[in-house]
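Numbering (the working numbering), first residue to last: -5 to 1077.
We put the beta carbon where it would ideally sit given N, CA and C, even for glycine.
In what follows, a single structure is set out as structure tokens and then discussed.
In structure tokens form, the structure reads like this:
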């Protein structure tokens, strides 16, 4: 379809949708609540028209009521999650029907059919059919996991975050964007940032994508766990109202107040005394640390049956001591004692104070702090039977002390025995959030209702320094960084402001067995990102003595000097601004009139993102260059032009079939297209990497920059654009991620309330992301021998334009797929018992995984033919085998006492891994990105040192033959993520001892709780211990001869050639941890 035609169709549909929004005869069941629906008939099975159906939420007295339609059917949407509810059905001349004790799950459509008898007729029973099981449910189509309040309160969790509960989804695995941020959860082999996290239906992601979750950089949970009523994880949601993900839609709904005042308060603690010290045969060094968690909640009625409130406040404080310290007189290096001498550091600190009035801070003996406070408040207002209004606001204030980045330093700046920086060279990362949503649910008689949501979230992520402004100084000793002081190089002006606005209106109406839904959704994302590395200058000195000389006016040679500065008019700060506005419309029909046992839903969505920037500058020089795509096609970069608006079409169909008519056996599933989002930092990279807003000095082995405490000393008087620059551009035809997903499942009801299921899911990529360096010349020669990969020319000869270091293009790829098969056995919480066991087998392949920076996302790929030509291979997020089981049992005794034990077990393959060659084997200018060739025998590999060549060859081939994860690739290139670590089995356990108290006429409770992570390690130190690679690059490339045959060194580990590829790990994650807590509950 031509672009103009597509645009016209989209405009017409948007106008139609807006007209629908103004029509009062429509309704939609929201994604933040539940629904009761069914049919009312007489004793002969004939429908009763205009029978009254009233549902009462007993804790709050909230009343919802409708009349049955001409076909006897009724729908009561927008019901609170939880319960208990009472249903009352009345009809003139017929006996009333009442039932209590009904509970609803998030997103559940409870089918409640009632058969009434005439007043004069006396029967032994009234026929009622109510399907309360959330799995055996006619409305359930795709794969979903509901995590109820009972599970949130009982299952083990040290961090009190959602990761500990969404892991109940068999197709999940823990993953992280970086080593410095809190982990998220990946589903079905997708990046965790491809999930859509919503809170009460409002977007609640880390949309810019610097971490997996909001608050992730400061390791904070954005919402208190006690504020959550229920969580639902959707993998195959064929309801077109759900969108914004190609991984999973994770929707959490918050608690509400009721007529009874109730509340809770808790306090948890954990420290080094509750941590194991042994992982297998290894001792684990556990330094003193301290974790405190605390919180309180209160809910009740402001006006009985009418107006309710709920408020939750929680906090966490954590202190982690610095792992390494300076060497005192008489001590030797080893353990956690570095080569850095305390006397040297004391003298240096005093020198800086005396000469520059600058205090770099202490250098050891301090703790790194983590801090978070979160607040949530919610108001629910029953305006009348037909209108319910709610408003929720939540707030997060969090920060974390982080050690100075090691980037740009020789051998890092901390974290090992070679170096130790001063405290004021570290930085503080802040994550603050304000979020609110207003929701109005309206019933229009028995045939229609409407749900409107308006949400806003403001994220403020910024860095601070514990010290004052001062240039960063790296002092080397022996060509490795010894110490550092001054302002951390990536902290100046580092700030991200993100604002998200969401408006959604869902409408549904009923037409003789058809439930028709139409809706409109508008999302707006505004980002202002400031990133100015080395803005205060960075000096590198070859020795401490050289620094003293330079500080005192002598000329010395600096190994390196760096300075970043603005080239905008007036020296204004470069701020990268982008806005994404995405309207969407959708329409679906849920058909239940085809067959009493068959329920089918057809629908589609249209989404059209628009990209804007208030700071996208045009690089006039770059616009004249002819860059090349990986296929050789010429492309030109317009740095000021963001991607075009593209309409994204997402059709879906879901079904549910009751095989025997008694809801004992059901087939369900669907097929459809899902449209997600990218971390918008990927789009923002273009605005910040255009070569015309910032310039820098990066001078090696120079005498031109003697040390000065003035941070702008060497900023040019008239800054101009750099003759050399790097670029990042997004393809003008770029589309948001899309995939087609097929889901087929069978559910069967077993005795004792168990349900057995088997779920199959297949996903095929339509649009995903790929990076290409469009300034890289395609090589024309190859290495010689069995490893004949392409060989680049090296240096600037690899570039089409020598003055452009790299020109990274973000574009789409259609390569990639994933599938999973998951049998599951589950019993919902009932009579104090919950049980679940599941297994998942899956495979996920893609082209690449992206970080947050364009160049490093391209650079960090591992390939054979060069990073512009990656192969389809296992995803970083692939999870091959995963067994999980959960059990919770609560036993009451002695009238007011109960004990509850809950267990979560996981047994799965650990992460996948790569084996690469150290150094730059293919001469592309990047190190450690070349997948290793595994020789068939020793004749296929050459070693550098002639004296030890045979020794290395024998040792290396022994290494290959001894390790299956190596030997299976003999005679081949190692595949990306082709290795997989062994199975690891862990068990987490919680125990709650509860004592009942009577205060006045209220029954209150006190709970004493213990959570044990890695419980098996408490029983036996050899259990629950993970594995790691002894080296991911056992071969180091040394040189090529005249015939382009490569020569290597087999790298020794601890002075010996390694024999094992995979060895046991010994870290805090491999030993048990115990957290103790106390809680008081009143109601």
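Check your understanding: Would the beta-carbon of residue 86 fall within 8 Å of that of residue 70?
Key -> Not a contact, by the Cβ cut-off of 8 Å.
Review point. Does the pairing of the segment 547 to 556 with the segment 576 to 583 give three or more beta-carbon distances under 8 Å?
Key: Touching, no.
Review point. Considering only residues of the same chain and omitting the five flanking positions on each side of residue 510, which have a CB-CB separation below 7 Å?
Key: Excluding residues within five positions, the ones whose Cβ falls inside 7 Å are 502, 503, 583.
Exercise for review: Identify every residue that forms a DSSP beta bridge with residue 518.
Suggested key: Under DSSP, residue 518 forms a beta bridge with 495, 575.
Check your understanding: For residue 687, which residues from the same chain have a beta carbon less than 8 Å from its beta carbon, with the 5 sequence-adjacent residues on both sides left out?
Key -> In chain order, 560, 561, 562, 568, 609, 611 place their CB closer than 8 Å to the CB of residue 687, counting only its own chain and leaving out the 5 sequence neighbours on each side.
Check your understanding: Taking only runs of the alpha helix (DSSP H) that begin and end inside the segment 820 to 879, which ones reach a length of at least 4 residues, in chain order?
Key -> Runs found: 848 to 853.
Exercise for review: Put residue 1079 into one of helix, strand or coil per three-state DSSP.
Suggested key: Residue 1079 is absent from the structure shown; the chain starts at -5 and stops at 1077.
Review point. Hey, how far is the Cα of residue 235 from the Cα of residue 184?
Key: Residue 235 and residue 184 have their alpha carbons spaced roughly 21 Å apart.
Exercise for review: Would you kindly work out how many angstroms separate the C-alpha atoms of residue 760 and residue 892, rounded to a whole number?
Suggested key: If you take the alpha carbons of residue 760 and residue 892, they lie about 53 Å apart.
Exercise for review: Go ahead and label residue 201 buried or exposed: buried means 16 or more other beta carbons lie within 10 angstroms of its beta carbon, across all protein chains shown.
Suggested key: The C-beta of residue 201 has 16 or more other C-beta atoms within 10 Å across all chains shown, which makes the residue buried.
Check your understanding: Pick from 484, 466, 519, 465: whose alpha carbon is nearest that of residue 491?
Key -> Out of 484, 466, 519, 465, 519 has the C-alpha closest to the C-alpha of residue 491.
**Study point:** Cβ pair count under 8 Å reaching 3, the segment 462 to 477 against the segment 443 to 454
**Key:** Counting Cβ pairs under 8 Å, fewer than three are found: no touch.
Review point. Anyone know if the C-beta pair for residue 818 and residue 751 falls short of 8 Å?
Key: With contacts defined as CB atoms closer than 8 Å, residue 818 and residue 751 qualify as a contacting pair.
Practice item. State the start and end residues of the unbroken beta strand (DSSP E) segment that holds residue 304. Key: Element bounds for residue 304: 301 to 315.
Review point. Does the separation of the CB atoms of residue 666 and residue 654 fall below 8 Å?
Key: In this structure, residue 654 does not lie closer than 8 Å to residue 666 by Cβ.
Practice item. Taking 8 Å as the threshold, find out whether the segment 770 to 785 comes into contact with the segment 81 to 101 through three or more Cβ pairs. Key: Between the segment 770 to 785 and the segment 81 to 101 there are fewer than three inter-stretch CB-CB distances shorter than 8 Å, so the stretches are not counted as touching.
Point to revise | Three-state secondary structure assigned by DSSP to residue 818 | key: Of the three classes helix, strand and coil, the one that applies to residue 818 here is strand, per DSSP.
Exercise for review: Starting from residue 1100, follow its DSSP beta bridges and name the residues at the other end.
Suggested key: This structure leaves residue 1100 out entirely; the chain is present only between -5 and 1077.
**Study point:** Cβ neighbours of residue 672 in the same chain (closer than 7 Å, five flanking residues each side left out)
**Key:** The answer, listed in chain order, is 730, 731, 763.
Check your understanding: What's the C-alpha gap between residue 217 and residue 307?
Key -> Rounded to whole angstroms, residue 217 to residue 307 spans 9 Å at the Cα level.
Check your understanding: Can you list, in chain order, the residues of its chain whose CB lies under 7 Å from that of residue 905, leaving out five sequence neighbours each side?
Key -> Apart from sequence neighbours up to five positions away, the residues of its chain that approach residue 905 with a beta-carbon distance below 7 Å are 975, ordered along the chain.
Exercise for review: Between the Cα of residue 810 and those of 651, 865, 793, spot the shortest distance and give me the residue it belongs to.
Suggested key: Of 651, 865, 793, the residue nearest in Cα terms is 865.
Point to revise | Enclosing beta strand (DSSP E) for residue 767 [first to last residue] | key: Bounds of the beta strand (DSSP E) holding residue 767 are 748 to 767.
Exercise for review: Quick one: residues in its chain with C-beta nearer than 7 Å to the C-beta of residue 724, no 5 flanking neighbours on either side, listed in chain order?
Suggested key: Beyond the five residues adjoining it in sequence on each side, residue 724 comes within less than 7 Å, by CB distance, of 636, 637, 677, 680, 804 in the same chain, given in chain order.
Check your understanding: When you compare only the Cα positions, how much space is there between residue 834 and residue 163?
Key -> The straight-line gap from Cα to Cα measures roughly 9 Å.
Point to revise | Beta-bridge pairing of residue 227 - partner residues as DSSP gives them | key: Answer by DSSP bridge pairing, in chain order: 139, 244.
Practice item. In the DSSP assignment, find the alpha helix (DSSP H) that holds residue 944 and state where it starts and stops. Key: Residue 944 -> alpha helix (DSSP H) spans 943 to 956.
Check your understanding: residue 71 by DSSP, collapsed to three states: which one?
Key -> Three-state result, residue 71: strand.
Practice item. Pull up the distance between the alpha-carbon of residue 970 and that of residue 105, whole angstroms please. Key: Rounded to whole angstroms, the separation of the alpha carbons of residue 105 and residue 970 is 49 Å.
Exercise for review: Please name the residue in 313, 314, 315, 340 whose C-alpha comes closest to that of residue 323.
Suggested key: Minimum Cα distance to residue 323 is reached at 340.
Point to revise | Rounded straight-line distance, which links the Cα of residue 505 to that of residue 23 | key: Summary for residue 23: the model assigns pLDDT 36, below 50, so the residue's position carries little reliability; its value from the coordinates is reported in the next sentence. Cα-Cα distance, rounded: 15 Å.
Check your understanding: Mind checking residue 51: buried by the 16 CB within 10 Å criterion, or exposed?
Key -> By the neighbour-count rule (16 or more Cβ atoms within 10 Å), residue 51 is buried.
**Study point:** Terminal residues of the beta strand (DSSP E) in which residue 805 lies
**Key:** Residue 805 -> beta strand (DSSP E) spans 798 to 807.
Practice item. Enumerate in chain order the residues of its own chain whose CB-to-CB distance from residue 169 is below 8 Å, with the five nearest sequence positions on each side excluded. Key: Here residue 169 has 177, 178, 179, 180, 185, 186, 206, 870, 871 as same chain residues with Cβ atoms under 8 Å from its own Cβ, once five neighbours each way along the sequence are excluded.
Review point. Is there contact between the segment 907 to 917 and the segment 1028 to 1048, where contact requires at least three CB pairs shorter than 8 Å?
Key: They touch, by the three-pair rule.
Practice item. Mind reading off the beta-carbon distance from residue 276 to residue 1058? Whole number of angstroms is fine, and I expect it under 8 Å. Key: Contact check for residue 276 and residue 1058: beta-carbon distance about 7 Å, within the 8 Å limit, so the pair qualifies.
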